[in-house]
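All residue numbers for the sequence shown refer to this note's numbering, where the first residue is 3 and numbers rise by one.
Glycine included, C-beta positions come from ideal geometry on N, C-alpha and C.
All of these numbers come straight from a predicted model, not from anything done at the bench.
These notes are about the structure you will find just below.
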Amino acid sequence: MRTEVQGRPMWLPLAAMLVAAALALWLLMRPELLSGLPMFLRMPAIGLGVWALGAAFMQPLGLEFRRHWLRCATAPPVSLVALATFALLVVIRAFWLA
Numbered sequence: 003m004r005t006e007v008q009g010r011p012m013w014l015p016l017a018a019m020l021v022a023a024a025l026a027l028w029l030l031m032r033p034e035l036l037s038g039l040p041m042f043l044r045m046p047a048i049g050l051g052v053w054a055l056g057a058a059f060m061q062p063l064g065l066e067f068r069r070h071w072l073r074c075a076t077a078p079p080v081s082l083v084a085l086a087t088f089a090l091l092v093v094i095r096a097f098w099l100a
C-alpha cells in the first residue's frame with residue numbers, strides 16, 4: 003500500500019482560499035479600489051490580482067499546471083507572497099480612499 007506524505011499543513015491552502023474569497027467579494031462591492039488607479043498602475047494590479055486569487059483558488063482544489071515554471075509560480079510560497087502583496091495593495095487603497 004502506497005501513501006503520500008503532505009509536506010505542508012492543510013490549513014494553509016484553505017486560509018489562502020478564504021482570504022482570496024474575501025478579497026474577491028470586497029472588490030465586487032467596491033470596484034473603485036482598482037478602477038480608480040491610473041492605467042499604468044491598474045493593469046499590473048489587475049494582473050497581480052488574477053495571479054494571486056487564481057493561485058489561491060487552485061491550491062485547495064488540487065489543480066496544478068503541467069509546465070514547471072507555471073507550477074512554481076502558482077505554488078506556495080510564491081503564490082502566498084503574491085496574495086499577501088495584493089491584499090496589502092487593496093487594504094492600503096481602501097484606507098487611502100476612506
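Suppose you measure from the CA of residue i to the CA of residue j; what does that come to, to the nearest Å?
i, j, result
"L39", "W71", "30 Å"
"R73", "P11", "19 Å"
"A75", "A54", "10 Å"
"G56", "L50", "10 Å"
"A84", "L99", "23 Å"
"L20", "P46", "23 Å"
What would DSSP say about residue i, mapped onto helix, strand or coil?
i, result
"L39", "coil"
"G64", "coil"
"T76", "coil"
"R69", "coil"
"R10", "coil"
Would residue i pass as an interface residue toward chain C - the criterion being a Cβ-Cβ separation below 8 Å?
i, result
"T87", "No chain C appears in this structure, which consists of one protein chain only."
Anyone know if the C-beta pair for residue i and residue j falls short of 8 Å?
i, j, result
"F88", "L25", "yes"
"A18", "L82", "yes"
"P15", "Q61", "yes"
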